[in-house]
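> Following this note's numbering, the numbering of the sequence shown begins with 86 at its first residue and continues without gaps. Idealized CB from N, CA, C, for every residue including glycine. This structure is a prediction, so every number in the text was calculated from the model and none was measured. Submitted below is the structure of interest, expressed as structure tokens.
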Amino acid sequence: MPDPVPYLDLKAQQRPIRAELDAAIARTLDNCSFCLGPDVAQFEKDFAAFCNAQHCVAMNSGTSALHIAMLLLGVGPGDEVITTPYTFIATSWAISYCGAKPVYVDIEDSTFNLDPKLVERAITPRTKAVLPVHLYGQPCDLDPLLAICCKHKIPLVEDAAQAHSAKYKGRSIGTFGEISCFSFYPAKNLGAAGEGGALVTNNAAFAARARALREHGSTKRYHHDEIGFNYRMEGIQGAVLDMKLKHLANWQAGRRRVAKRYHELLAGTPLRLPIEPDYAESAWHLYTVRHARRDELKAHLDANGIGNAVHYPMPLHLQKAYANLGHKPGDFPNAEKASREVLSLPMFAELTDEQLQRVAGVVQEFFTKA
Ligand SMILES: *Cc1c(COP(=O)(O)O)cnc(C)c1O
């Protein structure tokens with residue numbers, strides 16, 4: 086059998102930058118600033134500039150950044166936050182951690198993102214925020230969402246955990262809403278050597294309070310203004326991320342090449358391929374195709390050594406953890422249909438053309454032998 090094609094090859098990313106990574110980590114070891122410190126501060130400065138934003142507050146995960154974002158907006162018990170049922174569950178956790186209720190709105194069939202046409206009718210006097218996700222790196226249609234938020238004076242928070250480098254109408258993701266939240270989980274487009282996340286905003290008061298909240302609610306040591314958290318980013322992660330940020334544009338070019346090549350190679354198959362609407366420049370976090378016989382196709386790829394994954398097999402409204410919301414199958418048909426049909430193919434900047442042709446060949450074989 087030919088060499089397997091991994092779904093994600095972090096070693097291939099690390100190989101050419103290993104010396105730089107070692108040096109970055111050694112610098113943190115030398116200065117012993119293990120929690121926050123100068124390396125994290127430098128990364129915050131550089132990542133804010135990368136997003137064309139004024140402030141970046143680095144944290145220990147994207148989930149923590151989302152949680153703090155909800156707190157900054159005053160989300161609390163009895164409140165509602167409008168969001169998508171079709172995402173990684175951390176988006177909803179942030180709402181639940183505040184004692185508020187996630188109010189789901191179905192996704193667009195074409196983009197997997199929150200459908201702006203359905204958002205307005207979900208607004209109630211308790212709606213405290215709208216929390217869309219740029220799923221798979223594809224920016225959601227922000228203008229209509231922002232128009233609704235503006236009309237009802239409700240803040241918008243972007244879950245940009247999968248969308249570093251994505252652009253909406255030519256402008257970088259990160260400053261469209263009041264707050265944007267990023268994750269630096271190792272598999273994300275910009276990944277730490279461990280956990281990491283950040284909150285980005287142009288609101289100085291939000292940034293200042295976020296800095297306090299991530300550090301036990303204190304601005305002065307051992308003086309605590311409100312109940313806080315230990316959500317600090319580690320020094321080593323700041324050093325690694327700042328170093329890797331310099332390579333991100335290069336990696337993004339690689340992901341675009343891979344996506345373009347998949348489009349060409351898979352155009353003649355019965356698969357539904359991801360689209361990139363006119364308003365969007367996707368970060369291509371994932372390359373996710375659709376087909377009604379997804380499970381059989383998945384088994385065929387597995388049997389032939391082609392890495393793949395299902396993002397996501399169960400929408401959030403049907404998760405056991407959210408049984409208390411009282412949803413049932415059929416409530417969000419587009420999300421449910423997507424969960425039955427999606428399959429993510431190998432996607433990372435270092436994929437070779439040979440590997441891409443092999444993936445396409447195995448996919449084509451599935452449809453011809455069937
Ligand atoms: C990864 C991810 C998160 C959570 O980020 P962590 O850093 O893993 O806590 C939140 N939302 C989405 C859409 C994600 O993909």
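Report yes if the C-beta distance between Thr354 and Tyr221 is below 8 Å; otherwise report no.
Here residue 354 refers to the residue found at position 269 when the sequence shown is read from its first residue. Here residue 221 refers to the residue found at position 136 when the sequence shown is read from its first residue. Against a cut-off of 8 Å, the Cβ pair of Tyr221 and Thr354 comes out as no contact.
> Helix, strand or coil for Glu165 per DSSP?
By one-based count along the sequence shown, residue 165 stands at place 80. DSSP places Glu165 in strand when its eight states are reduced to three.
> According to DSSP, is Ile174 helix, strand or coil?
Walking along the sequence shown from the start, residue 174 turns up at place 89. Looking at Ile174 - three-state DSSP - the assignment turns out to be coil, as it is neither helix nor strand.
> Run through the segment 213-275 for me and flag every whole beta strand (DSSP E) of 3 or more residues, listed as ranges in chain order.
Correct list: 242-244, 264-268.
> So Phe269 packs on Leu326, CB below 8 Å; how close in whole Å?
Here residue 269 is taken as the residue at index 184 of the sequence shown, counted from 1. Here residue 326 is taken as the residue at index 241 of the sequence shown, counted from 1. Sure, about 6 Å apart at Cβ, within 8 Å.
> When every heavy atom of ligand 1 is checked, does at least one fall within less than 7 Å of the C-beta of Ser146?
In the sequence shown, counting from the first residue as 1, residue 146 sits at position 61. Yes, the beta carbon of Ser146 sits closer than 7 Å to at least one heavy atom of ligand 1.
> For Ala207, which residues in the same chain have their Cβ closer than 7 Å to its Cβ, ignoring the five residues on either side in sequence?
Residue mapping note: residue 207 aligns to position 122 of the sequence shown, counting from 1. Around Ala207: Ile167, Val188, Val190.
> Apply the 10 Å Cβ neighbour rule to His219 and answer buried if 16 or more other Cβ atoms are within range, or exposed otherwise.
Reading the sequence shown from its first residue, position 134 is the one you call residue 219. Classification of His219: buried, given that the 10 Å Cβ count is 16 or more.
> Between Arg341 and the rest of its own chain, which residues show a CB-CB distance below 8 Å, the 5 nearest in sequence each way excluded?
By one-based count along the sequence shown, residue 341 stands at place 256. So the list reads Trp369, once near-sequence residues are dropped.
> In terms of residues, what are the limits of the beta strand (DSSP E) holding Pro187?
As a working note, residue 187 is residue 102 in the sequence shown. Unbroken beta strand (DSSP E) run through Pro187: 186-189.
> Between Ile231 and the rest of its own chain, which residues show a CB-CB distance below 7 Å, the 5 nearest in sequence each way excluded?
Here residue 231 refers to the residue found at position 146 of the sequence shown. Note that residue 231 is Leu in the sequence shown here, rather than Ile. Once the five neighbours on either side are set aside, the close Cβ partners of Leu231 are Leu241, Phe261.
> Between which two residues does the beta strand (DSSP E) carrying Arg375 extend?
Stepping through the sequence shown from its first residue, residue 375 is reached at position 290. It spans 372-375 - the beta strand (DSSP E) in which Arg375 sits, taken as one unbroken run.
> DSSP has Glu305 in a bridge; who is on the other side?
Within the sequence shown, the letter at position 220 stands for residue 305. Looking at the sequence itself, residue 305 is Lys, so the reference to Glu does not match. Paired residue(s): His308.
> Could you name the residues of the same chain whose beta carbon sits closer than 7 Å to that of His402, not counting the 5 residues immediately before and after it, in chain order?
Here residue 402 refers to the residue found at position 317 of the sequence shown. Closer than 7 Å at the Cβ level, and outside the excluded window around His402, lie Pro170, Tyr189, Leu410, His412, Asp416, Phe417.
> Please classify Thr354: does DSSP put it in a helix, a strand, or coil?
The residue you call residue 354 lines up with position 269 of the sequence shown. Reduced to three states, the DSSP call for Thr354 is coil.
> If I measure Cβ to Cβ from Leu227 and keep anything under 6 Å in the same chain, skipping five residues before and after, which residues do I get?
Taking the sequence shown and counting its residues from 1, one reaches residue 227 at position 142. So the list reads Tyr253, Phe261, once near-sequence residues are dropped.
> Give a yes or no on whether the C-beta atoms belonging to Gln247 and Ala365 are separated by under 8 Å.
As a working note, residue 247 is residue 162 in the sequence shown. As a working note, residue 365 is residue 280 in the sequence shown. Not a contact, by the Cβ cut-off of 8 Å.
> Could you name the residues that DSSP lists as bridge partners for Glu300?
In the sequence shown, counting from the first residue as 1, residue 300 sits at position 215. Partner(s): Asn315.
> Please determine whether the Cβ atom of Gln223 lies at a distance below 7 Å from any heavy atom of ligand 1.
Translated into the one-based positions of the sequence shown, residue 223 becomes position 138. Not so, every heavy atom of ligand 1 lies at least 7 Å from the Cβ.
> Counting Cβ pairs closer than 8 Å, one from the segment 326-340 and one from the segment 101-115, do we hit at least three?
Short answer: they touch.
> Output the boundary residues of the alpha helix (DSSP H) element that contains Leu151.
Taking the first residue of the sequence shown as position 1, residue 151 is located at position 66. Note, Leu151: alpha helix (DSSP H), 147-157.
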